[in-house]
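Note sheet for the following structure.
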Amino acid sequence: MILLYGAVLIAGIANAIQPGQTTQLAKALGQPFTAGLVSMFVGTLGMFAVGLLSGHLSVPSLQQAGQAPWWAWLGGLVGVGLLIAQLFVAQRIGAAPFLGLLVTAGVVTSIALDHFGLVGFDVHAAGPMRLFGGALMIAGVTFVALS
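Residue numbers (my numbering): 1 to 147.
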């Protein structure tokens with residue numbers, strides 16, 4: 001479990017760094033959407049390489065593809081929304097408020113997803129401690145954004 005939590009911590013650090021990388025690329029290229037495409041293309045190449053190296057890359061059968069709910073295929077569009085926010089919002093409001101809002105929105109949304117068992121998550125009730133933790137995150141990001 002410690003390795004899994006470590007991997008998530010590293011992903012969180014990367015999540016804080018990526019908006020700066022993407023916006024700097026956009027400034028250098030003079031085109032934010034081109035920078036976004038480059039970012040997604042590099043990410044696609046990275047996923048391809050990791051899949052090949054791990055031996056876990058294969059083309060699914062039509063039956064396997066048909067078993068996924070329709071909305072599961074739209075995950076990449078969610079990534080596009082995040083990338084657009086990075087390109088047009090992160091530099092204007094700063095890294096701390098941007099990531100604070102991003103993470104807090106994710107935690108609060110995740111509490112609801114867990115509570116109702118949505119988008120494939122097992123049900124984990126939104127008890128008082130989870131709700132209090134979400135409220136603390138909202139308060140914390142408010143302090144970060146207002147300072």
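Built from N, CA and C at the ideal position, the CB exists for glycine as well. Given the structure is predicted, the values throughout are model-derived calculations rather than measurements.
The Cβ-Cβ distance between Ala-90 and Pro-19 falls below 8 Å. Taking all protein chains shown into account, Phe-98 has 16 or more neighbouring C-beta atoms within 10 Å of its C-beta and is therefore buried. When secondary structure is reduced to three states using DSSP, Gln-31 falls in the coil class, being assigned neither helix nor strand. Contact between the segment 99-110 and the segment 22-42 is absent: fewer than three C-beta pairs spanning the two stretches fall below 8 Å.
Burial state of Thr-22 is buried, judged by a 10 Å Cβ sphere holding 16 or more other Cβ atoms. In the three-state reduction of the DSSP assignment, Ala-126 falls in the coil class.
Cβ-Cβ distances below 6 Å link Val-123 to Gly-117 in the same chain, with the five nearest sequence neighbours on each side left out; the list follows chain order.
Taken in chain order, the complete alpha helix (DSSP H) segments of 4 or more residues contained in the segment 53-135 are 62-67, 75-85 and 95-116.
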